[in-house]
Amino acid sequence: MKNIIVANWKLNPTTKKEAEELFLAVSNGAKSEAEVVVCPPFIYLSFLTAKTNVKLGGQNCFWEQKGAYTGEISSEMLKDLNCEYVIIGHSERRRYFEESDEIVNKKLKAAIGAGLKTIFCIGETESQRENDETDAIIAQQIIGGLSEISEEEFKNGIIAYEPVWAIGTGNACDTDEAGRMATLIRAVVSKIYNKKFAEDLSILYGGSVNSQNAESYIKNAKMNGLLVGGASLKAQEFVEIIAKSV
Ligand code: PGA
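Counting from 11, one number per residue, gives the positions in the sequence shown under this note's numbering.
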């Protein structure tokens with residue numbers, strides 16, 4: 011299984027021209043054996059063409075496929091625009107749009123139904139970590155998010171561990187701790203699905219990843235890839251992260 015490096019552009023860049031330039035620079039520079047996925051704002055998806063070395067993904071999707079839901083985007087629409095992946099349950103969605111584990115679960119089901127590979131995000135806040143609630147919160151998010159989703163349905167699923175306090179702060183998680191979290195995630199998943207499935211599951215780390223620390227999450231924390239925000243907006247930096255993540 012290849013390592014998976016995901017670019018989460020969030021609400022960036024401001025123009026179509028910049029989006030096209032950034033995507034082109036990444037696809038020209040991505041030479042490694044890693045699976046590279048770019049998740050731009052929805053509005054740019056129809057202008058960007060997935061390449062053999064760079065796949066497209068959505069940053070979110072709605073839980074229904076169509077109907078009277080003003081402003082929403084469905085997973086089938088993403089699939090139609092050649093997205094192979096979708097990020098679900100990012101902490102910014104949980105925080106600013108009040109996405110609960112129940113909503114995340116509905117979105118995961120819809121996206122799996124549309125044939126997308128889901129990048130299911132989990133992670134504790136700073137206060138949860140300070141109160142020693144990290145492990146319980148992680149277990150709760152996994153169990154809630156995967157409720158009534160079978161092992162067969164989640165076979166292309168990916169889990170991204172993104173501690174909220176590490177996102178966009180420059181305060182990346184210590185690699186030993188990230189490694190401990192990967193072990194914990196596999197242990198929780200093995201209670202839902204079988205042990206082999208949990209061992210083979212792709213787990214990504216996200217939170218202040220840059221070209222300096224990328225390699226250590228793959229080598230030392232035994233992560234199967236990275237979810238990169240800020241550093242994915244700088245083509246050269248992101249290409250360097252990809253090169254170091256094989
Ligand atoms: P960051 O964001 O790399 O800017 O910390 C990661 C994410 O939110 O996915």
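Ideal placement from N, C-alpha and C gives every residue a C-beta, glycine not left out.
Annotation: Asn63 is outside any alpha helix (DSSP H) and is labelled neither H nor E by DSSP. Phe130: member of the beta strand (DSSP E) spanning 127-132, first to last residue. The beta carbons of Asn220 and Ile14 sit no closer together than 9 angstroms. In this structure, Gly216 has its CB closer than 8 angstroms to one or more heavy atoms of the ligand PGA. Given a length threshold of 3 residues, each whole run of the beta strand (DSSP E) inside the segment 159-212 is given here in chain order: 168-171. Between the segment 102-119 and the segment 135-154 there are three or more C-beta pairs closer than 8 angstroms, enough to call the two in contact. At a Cβ-Cβ threshold of 9 angstroms, Leu55 and Leu88 count as neighbours. Residue burial annotation: Asn115 is buried, with at least 16 other C-beta atoms found within 10 angstroms of its C-beta. For Leu32, the enclosing alpha helix (DSSP H) covers residues 26-39. Relative to the ligand PGA, the beta carbon of Val47 is positioned no closer than 8 angstroms to any heavy atom.
Annotation for Ala17: no alpha helix (DSSP H) segment contains it, though the beta strand (DSSP E) segment containing it runs 14-18. Spatial neighbours of Thr144 in its own chain (CB-CB distance under 7 angstroms, excluding positions within 5 residues in sequence) are listed in chain order as Glu134, Gln138. Under the DSSP assignment, Tyr95 falls in the beta strand (DSSP E) whose first and last residues are 93-98.
With a cut-off of 8 angstroms, the C-beta of Ser101 is classified as near the ligand PGA, since at least one heavy atom of the ligand falls inside that distance. Of the heavy atoms belonging to the ligand PGA, none sits nearer than 8 angstroms to the Cβ of Ser226. Under the DSSP assignment, Leu237 falls in the beta strand (DSSP E) whose first and last residues are 235-238.
Per DSSP, reduced to three states, the secondary structure at Glu45 is strand. Remark: three or more beta-carbon pairs, one from each stretch, lie closer than 8 angstroms, so the segment 117-135 and the segment 165-175 are flagged as touching.
Looking from the CA of Gly68, the closest CA among Thr62, Gly77, Leu58 belongs to Leu58. Listed in chain order, the non-local C-beta contacts of Asn166 below 6 angstroms within the same chain comprise Lys127, local neighbours out to five positions each way being set aside.
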